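Protein chains: 2
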Amino acid sequence: MDVLEELRVFREKDIPYSRVLSSMCTIPHELAVKAHQLFIGTNLGDPGIFPGTVELERKLVAMIGELLHHKECVGYICSGGTEANIQGIRSARNVMRRKEPNIVIPKTAHFSFEKICDILCVEVRRANVDEDYKVDLAEVEKLVDDRTVAIVGIAGTTELGQIDPIVELSRLAEERNIPLHIDAAFGGFVIPFMDDPYPFDFANKGVSSITIDPHKMGMATIPAGGILFREESFLRALEVETPYLTSKMQFTLTGTRPGTGVASAYAVLKGLGFKGMKEIVKRCLRNTRILMEEMSLMGFEPVIEPVMNVVAFKTERAEEIKHELYRRRWVISTIREPKAIRFVVMSHVTEEVIKNFMSEFRKVVQWK
Amino acid sequence: MDVLEELRVFREKDIPYSRVLSSMCTIPHELAVKAHQLFIGTNLGDPGIFPGTVELERKLVAMIGELLHHKECVGYICSGGTEANIQGIRSARNVMRRKEPNIVIPKTAHFSFEKICDILCVEVRRANVDEDYKVDLAEVEKLVDDRTVAIVGIAGTTELGQIDPIVELSRLAEERNIPLHIDAAFGGFVIPFMDDPYPFDFANKGVSSITIDPHKMGMATIPAGGILFREESFLRALEVETPYLTSKMQFTLTGTRPGTGVASAYAVLKGLGFKGMKEIVKRCLRNTRILMEEMSLMGFEPVIEPVMNVVAFKTERAEEIKHELYRRRWVISTIREPKAIRFVVMSHVTEEVIKNFMSEFRKVVQWK
């Protein structure tokens, strides 16, 4: 058997996305795949060799910046939300220069902040959330002190798709003169395309950095994360010297860095345009509604009224249901609190997928 | 103009690898590109969805482990050498648990260790090198103390392709009971395929982790770095909990993680086999010789007799030559000390490329 044949056999063991209702990633858009092929040999880690790809990245960053109400922002396309969050916090830590630094994050923040705490040697203080699973402002205020180097707000929590009160967090951050980092890894390419979008971005003066991942709702190929800063000084705070490269300094976390994510993200955003993205988001939100109705017919209640295309339903049997579905090659996930099963309605979760899923789900739920 | 046409225009501004003699990356192997396509939608960050890709990664890690004389090693395919080095040092730091930790590295270590120092809050102590640009053992011994959490040795330095005295470093590491991390990002896929290979790997009992990058001499697609540990406890020291994923814990630095690097690295190593890799390395070494002879005819002297397919030539005019070549769309690089121009003879640097380069180089050198 030749090696490509062997690889095909491994690949077929993977579960197709048509059976995955829990991932924040999806099948990359057709334009993204084509763009990816064109840039497969590129390395943004050595920018002098790839001036065209560098120029494209600059255009993409400005394009995303415009979407986030600050075209003059600086930043880059990275390996994903974790690197973006690390770099957001690292820059704030380096700009603020406090002894025994801490950051204040919502309890609902992504687990990558656990890594950040270990990696960057900052203390992580978790603020409680209110009954809507938004961070409690009074809690944040209480936890902030003169060693706080960043406050974090989430625009689209991983578990529930909830948006923190970023307008108020921004006001607090401004008052206390502390950088506010927004984790919009998921919501960044959802909220701007919703009717009456919540102002989660640089429009709030206190927001100093934003994580926004093209390889989630931006339908780019993996890896394509994004970290954007309001001010260049934050990017500079990440730099080290780079001898024997075509550049003098490097602010990225990784060295060698593919240009594929830049190309695929650009292809989708430019190719579909604001209107096309709006349609994708609209369809995901409509399908979330359809899933809600189906689940409601079966007596399942959502943890919160969904804000975007993420929804969780309360059930004491969450783990058992997840495992039985997985045994049948369907993937959903569970959340920590309250006990619930969780769905992410990405663009591959079509009406047909939901129909197929529900028919299996009914069997599983009635199975015991 | 449609968006793919627009992307093509950007891509054409990049400099083709046939004019690049300074990169440790290269045109990915044809097998790598084909394997990459097959796995373009995969995400190892959510392993339950991709059990086939996970299995393939395990096979690849064992295959590389075998090459490095420890088939039972554990580790994963990451974004590149920087992540691999961060994780190697982070695991050692977490296993050792010292207050105000430090690491001892050769002066010749890659600049990613500057980032590591900033990111991981460890003090970096740089040991001097001897006249062959190998780390000075006595210096290392002097710098090590009871707060040292790792010693670093390089197998293929970025500037000169030199190999540190890893056998002796390993003995010291064992004596002092300190983890020894080997940065073989470049040399890892060169040394094993050389005649009479230097023992840089797990064959030395003191070596606890190795960085080895498939996307350099392994001709895989970017991103494909590798971090391998002798013992599972080092991997465990990196773990955080991962709710709402199909796995319980995550030891990687990034979350979402492409399977393309795994597939492309596997395709090349399995497809070419040990014999095929040996031929590639042999050709690169032969072409390094050819470049040496050409340069020597022009009166240029190497900084050290090349150990692998990296070579630098002394010249006070290094910066000027580099810039003038770049103006003519040829890419070489320079090193810090002594003043020299540096070449990496990857598989795309064929006899023809060298011939074309030398004809331009002659003009540039005589130009002033």
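Residue numbers (the numbering used here), protein chains in the order written: chain A, 1024 to 1391; chain B, 1024 to 1391. Backbone N, C-alpha and C fix where the C-beta goes; we use that ideal spot for every residue, glycine too. Just so you know, these numbers come straight off a predicted model, no measurement behind them.
(message) Less than 8 Å between the beta carbons of A/Lys-1345 and A/Ile-1364, yes or no?
(response) yes
(request) Select from A/Gly-1176, A/Trp-1353, A/Leu-1143 and A/Leu-1348 the residue whose C-alpha is nearest the C-alpha of A/Lys-1122. (result) A/Leu-1143
(request) With a 10 Å radius around its C-beta and 16 neighbouring C-beta atoms as the bar for buried, classify A/Asp-1025 as buried or exposed. (result) exposed
(message) Using the three-state DSSP reduction, which class does A/Lys-1305 fall into: helix, strand or coil?
(response) helix
(request) Please confirm whether B/Leu-1079 and B/Val-1285 have their CB atoms less than 8 Å apart. (result) yes
(message) Quick check on DSSP: helix, strand or coil for B/Lys-1337?
(response) strand
(message) Residues in the same chain with beta-carbon distance under 7 Å from A/Arg-1041, minus the five sequence neighbours each way, listed in chain order, please.
(response) Strictly speaking, residue 1041 of chain A in this sequence is Ser, with Arg absent from that position. Only His-1371 and Val-1376 meet the Cβ criterion.
(request) Could you tell me the distance, in whole angstroms, from the CA atom of A/Val-1304 to the CA atom of B/Gly-1299? (result) 49 Å
(request) Would you list the residues sitting across from B/Thr-1417 in a DSSP beta bridge? (result) It is not possible to answer for residue 1417 of chain B, since the shown part of chain B is limited to 1024 through 1391.
(request) Assuming A/Gly-1104 and A/Asp-1187 form a contact by the criterion Cβ under 8 Å, report the distance between their Cβ atoms to the nearest whole angstrom. (result) About 16 Å separates the two Cβ atoms, so there is no contact after all.
(request) List the residues that DSSP assigns as beta-bridge partners of B/Thr-1234. (result) B/Asp-1206 and B/Ile-1250
(request) Quick one: which residues of the segment 1161-1187 of chain B get their C-beta closer than 7 Å to a C-beta of chain A? List them in chain order. (result) Thr-1181 and Glu-1182
(request) Taking B/Ala-1286 as the query, report the chain A residues whose CB atoms sit under 9 Å from its CB, ordered along the chain. (result) Leu-1030, Phe-1033 and Arg-1034
(request) Grab the span of the beta strand (DSSP E) containing A/Cys-1101 for me, first residue to last. (result) 1097-1101
(request) Go through its chain and collect everything with a Cβ distance to A/Glu-1019's Cβ below 7 Å, but skip five positions before and after it. (result) With chain A covering only 1024 through 1391, there is no way to say anything about residue 1019 of chain A.
(message) I want to see whether chain A comes within less than 8 Å of B/Lys-1271, judged by CB atoms only; does it?
(response) no
(message) DSSP three-state label for A/Phe-1175, please.
(response) According to the sequence shown, residue 1175 of chain A is Val rather than Phe. Here A/Val-1175 sits in strand by DSSP.
(message) Less than 8 Å between the beta carbons of A/Leu-1061 and B/Arg-1034, yes or no?
(response) yes
(request) Please state whether DSSP places A/Arg-1350 in a helix, a strand or coil. (result) helix
(message) Report the start-end ranges of each beta strand (DSSP E) in the segment 1070-1155 of chain A that is 3 residues or longer and not cut off at the edges.
(response) 1097-1101, 1125-1129 and 1146-1150
(request) May I ask you to report which of helix, strand or coil DSSP gives B/Asn-1200? (result) coil
(request) Report buried or exposed for A/Arg-1340, applying the criterion of at least 16 other Cβ atoms within 10 angstroms of its Cβ. (result) exposed
(request) Run down chain B in chain order and give the residues with a C-beta less than 8 Å from the C-beta of A/Glu-1137. (result) Val-1263 and Glu-1264
(message) Quick check: the Cα distance between A/Leu-1027 and B/Leu-1030, rounded to an integer number of angstroms?
(response) 29 Å
(request) Mark A/Glu-1324 as exposed unless 16 or more other C-beta atoms lie within 10 angstroms of its C-beta, in which case mark it buried. (result) exposed
(request) Inspect the beta-carbon positions of B/Gly-1184 and B/Val-1330 and report whether they are closer than 8 Å. (result) yes
(request) For B/Met-1272, write down the residues that DSSP places opposite it in a beta bridge. (result) B/Glu-1264
(request) Alpha carbon to alpha carbon, how far is A/Val-1152 from A/Val-1145? Give it in angstroms, no decimals. (result) 22 Å
(message) On the criterion of 16 or more Cβ atoms from any shown chain inside 10 Å, does B/Asn-1200 qualify as buried, or is it exposed?
(response) exposed
(request) Show which residues of chain B have a CB atom less than 7 Å away from the CB atom of A/Cys-1048. (result) Asn-1066 and Thr-1279
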